[in-house]
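Chemist: Heads up: the sequence shown at position 42 corresponds to 56 in this note's numbering, and the numbers run straight through without jumps.
Okay, handing you the structure first.
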Amino acid sequence: MRQIILADNQDLTKAGWLYLLQSPDIATPEEVSDKKTLLRLCAAYPEALVILDYSLFDFQQDDELLILQEKYPEMSWIVCAENLTDALIRNLIFKTQRCSIILKDSSLEDLQSALKMAMKGQRYISSAISNRMFESNRPRNATPSVLTSTEQEILKEMAMGHSTREIAGNRNISTHTVMTHRKNIFRKIEVNTVYEATKYAMKTGLVDLTEYYI
């Protein structure tokens, strides 16, 4: 049975989470109200699910949360807050795989979906966060793509997390051909990693963020 760490010191939202966590399949949550106790419990339960009100736990720098997630890779997180910077959201999206993000005013459906996905070790990004990031990444002065239509389609598949073998299978081409397209894509858009290519795909509108977060 997976351990839950509930790091929220606002009575109202804490009561809401405790209500959602009432299930015979879920262990009684460990409730914490300060960062020191949170760090101690993370060390004690490295595979736990942490529900964190980020703004109330005195994280001085965004990197602190990223370091925690790197230190405990099997731990899942639901980060919930009233105000999250775009920079932090991007870091949580691109540098972590098991971090769900929702806002304090998210709907009950969002909370339930985040909890369900996190319990499976997957992540959930609320629609409000998705829309916000889509708008912030929308190109203001779009220019014609330097990529061919085939290269755009392959870049989109790469950005969606498809492997070289999967892309080859989807398009009925060899993995060697996919690798050749990949090299050409990287050269044309002047990037060196899939992460950088994914950011390019989002900024140019090749990938719809609402589709990316499904």
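Beta carbons: idealized from backbone N, C-alpha and C, even for Gly.
State the DSSP-derived secondary structure class of A58, mapped to helix, strand or coil.
Modeler: Three-state DSSP puts A58 in a helix.
Chemist: Would you call F108 buried or exposed, if buried means 16 or more other Cβ atoms sit within 10 Å of its Cβ?
Modeler: When all chains shown are included, F108 counts as exposed.
Chemist: Comparing the CB of M89 with every heavy atom of the ligand ATP, is any distance shorter than 7 angstroms?
Modeler: The ligand ATP is not part of the structure shown, which contains no ligands of any sort.
Chemist: From what residue to what residue does the beta strand (DSSP E) around E84 run?
Modeler: Unbroken run through E84 is the alpha helix (DSSP H), D76 to K85; no beta strand (DSSP E).
Chemist: Hey, how far is the Cα of D48 from the Cα of K213?
Modeler: Using only the alpha carbons, I get a separation of about 35 angstroms.
Chemist: Between L117 and S140, which are expected to be in contact by the criterion C-beta below 8 angstroms, what is the C-beta distance as a whole number of angstroms?
Modeler: With a Cβ gap of about 6 angstroms, L117 and S140 count as contacting.
Chemist: Does the distance from the CB of S120 to the CB of A95 come in under 8 angstroms?
Modeler: Contact flag unset, no.
Chemist: Please report the distance separating the alpha-carbon of I103 from that of R137.
Modeler: About 13 angstroms.
Chemist: Does the separation of the CB atoms of L26 and E45 fall below 8 angstroms?
Modeler: Result no, Cβ atoms of L26 and E45 do not sit closer than 8 angstroms.
Chemist: Does DSSP classify D72 as helix, strand or coil?
Modeler: Coil at D72, not helix or strand.
Chemist: Which stretch, first to last residue, makes up the alpha helix (DSSP H) that contains S127?
Modeler: Looking at the DSSP string, the run of the alpha helix (DSSP H) that includes S127 is L122 to M133.
Chemist: Alpha carbon to alpha carbon, how far is W91 from T207? Give it in angstroms, no decimals.
Modeler: If I take the Cα positions, the gap works out to 26 angstroms.
Chemist: Taking its Cβ as the centre, do 16 or more other Cβ atoms sit within 10 Å of S114, making it buried, or is it exposed?
Modeler: S114 comes out buried.
Chemist: DSSP three-state call for A156: helix, strand or coil?
Modeler: Since pLDDT at A156 reaches only 44, below the 50 mark, its modelled position is unreliable, and no value is offered.
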